[in-house]
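Remarks on the structure that follows.
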Amino acid sequence: MKYRNTVEFQVEGDYALFSDPVTRVGGEKCSYHIPTYEALKGILHSVYWKPTLIWVVDAVRVLSPIQTETKGVKPINYNGGNDLAYYTYLKDVKYQVRAHFEWNENRPELEHDRNEHKHHNIAKRMIARGGRRDIFLGARECQGYVVPCEFGEGEGYYDNMQGETGYGFMYHGITYADEAMCEDDKGKMTARFWFPVMRQGVIEFVRPEECCEKRHLKDMDIKPFGEELHNFTGLNEFEGEEGACELDK
């Protein structure tokens, strides 16, 4: 489904590591075969983020064949020194992503910045520039590159795949207190899980509040933003960008 403020882009890289957060504390790391919702949302945050809005990832299309490569690495040990471990990465990845944004209703103090036309134009311009910050595919050592595209264009490796592929119980993402939509999630950090299915190379994501399983990790306060706190410049941050986007059309 396409929304009025939908953005579409292609992201690719030599390696990706979409690992279960449980394995992030150390030891051997092994990537999921498909990107997690949280990893794709992180890419969108690197492209363009404001506390005024919440990015919602609608779908991802897998363009390249899913293949892995295992590397021996020497991660830093929590107690000092280095350890020896094997990390299993995805290799030569390429995805198309479709997403849209919604207003963050938990931040009424930023209501004056809810200009859909402005944010949509700036987001598209940031995609064309390759993002505002460096793009990572699940881990910092996995550099990614973003370019605009039309979701569904071009040839994908799994376009003619028969049936569907289920990936079992999988990590979906983290809901932080400032983005919580369900009443029981407010004031908490919540981990979400779901059962993804790929059809002809496309995975349609469920919305965060629709995840079948979740777990509250800890209590959490909402970080305040505001011009008076000098940590949010509001409408003036991208002054002139909207007009520049109009010239690109």
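All residue numbers for the sequence shown refer to this note's numbering, where the first residue is 2 and numbers rise by one.
By construction, the Cβ of each residue, glycine as well, lies at the ideal position given by its N, Cα and C atoms.
Model, not experiment: these values are computed from the prediction.
Between residue i and residue j, how many whole angstroms is the CB-CB distance? I'm expecting something under 8 Å.
i: LEU138; j: VAL203; result: Contact doesn't hold; Cβ gap of about 19 Å is too wide.
i: PHE102; j: VAL57; result: 7 Å
i: LEU45; j: GLN97; result: Rounded, the Cβ-Cβ distance is 14 Å, inconsistent with contact.
i: ASN105; j: ASP222; result: About 15 Å separates the two Cβ atoms, so there is no contact after all.
Ignore the nearest five residues each way along the sequence and tell me which others in residue i's own chain have a CB closer than 6 Å to its CB.
i: HIS217; result: LYS189 and THR191
i: ALA140; result: LEU18
i: GLY174; result: TYR38, GLU39 and ARG193
i: ASP84; result: PRO76 and ASN78
i: ASP21; result: TYR172
i: ALA129; result: PRO149
i: HIS118; result: none
i: LYS187; result: ALA181
i: CYS1; result: What is shown of the chain runs 2 to 250, which leaves residue 1 out entirely.
i: LYS250; result: The pLDDT assigned to LYS250 is 40, lower than 50, so where the model puts this residue is not dependable, and the model offers no usable value.
State the start and end residues of the unbroken beta strand (DSSP E) segment that holds residue i.
i: GLY73; result: 69 to 74
i: MET190; result: 189 to 195
i: ILE35; result: First-last for ILE35: undefined, no H or E at that position.
i: ALA86; result: 86 to 104
i: GLN163; result: Element bounds for GLN163: n/a, residue is neither H nor E.
i: ARG200; result: 198 to 200
i: THR7; result: Per DSSP, THR7 belongs to no beta strand (DSSP E) and is neither H nor E.
i: THR176; result: 171 to 176
i: LYS215; result: 214 to 220
i: TYR146; result: 144 to 149
i: ASP59; result: 54 to 63
i: ILE204; result: 203 to 205
Quick one: Cα of residue i to Cα of residue j, how far?
i: VAL23; j: ASP15; result: 24 Å
i: THR7; j: HIS120; result: 11 Å
i: LYS92; j: GLN163; result: 24 Å
i: GLU142; j: LYS215; result: 29 Å
i: GLY82; j: ILE123; result: 44 Å
i: VAL12; j: VAL148; result: 7 Å
i: ILE55; j: THR89; result: 31 Å
i: GLU29; j: TYR87; result: 5 Å
i: ARG108; j: GLU156; result: 41 Å
i: ARG126; j: ARG99; result: 16 Å
i: CYS212; j: TYR172; result: 10 Å
i: GLY153; j: THR166; result: 19 Å
i: PRO52; j: LYS224; result: 10 Å
i: TYR4; j: GLU110; result: 25 Å
i: ILE67; j: TYR158; result: 9 Å
i: ALA181; j: LYS219; result: 13 Å
i: TYR146; j: GLY131; result: 7 Å
i: ASP114; j: CYS31; result: 41 Å
i: GLN201; j: ARG62; result: 9 Å
Between which two residues does the alpha helix (DSSP H) holding residue i run?
i: GLU126; result: The residue asked about is misnamed: residue 126 is Arg in this sequence, not Glu. Note, ARG126: alpha helix (DSSP H), 117 to 129.
i: ILE44; result: 38 to 48
Do residue i and the ligand MN come close, with the Cβ less than 6 Å from some heavy atom?
i: ALA129; result: In the structure shown, the ligand MN is absent, as is every other ligand, since no ligand is present at all.
Tell me which same chain residues have a C-beta within less than 8 Å of the C-beta of residue i, skipping the five on either side of it?
i: TYR261; result: Only positions 2 to 250 of the chain appear in this structure, which leaves residue 261 out of reach.
i: THR71; result: TYR87, TYR88, THR89 and TYR90
i: ARG208; result: VAL57
i: ASN161; result: GLN201
What does a CB cutoff of less than 7 Å around residue i pick up in its chain, not counting 5 residues either side in sequence?
i: GLY244; result: Since pLDDT at GLY244 reaches only 46, below the 50 mark, its modelled position is unreliable, and the value read off the structure follows with that caveat. If we look at GLY244 and ignore the five residues flanking it on each side, it has no Cβ neighbours.
i: GLU151; result: GLU9
i: PHE206; result: TYR38, VAL58, ASP59 and ALA60
i: ARG134; result: SER47
i: TYR49; result: ILE123, ALA124, MET127 and ARG133
i: MET2; result: ASP59
i: PHE170; result: PHE194 and PHE196
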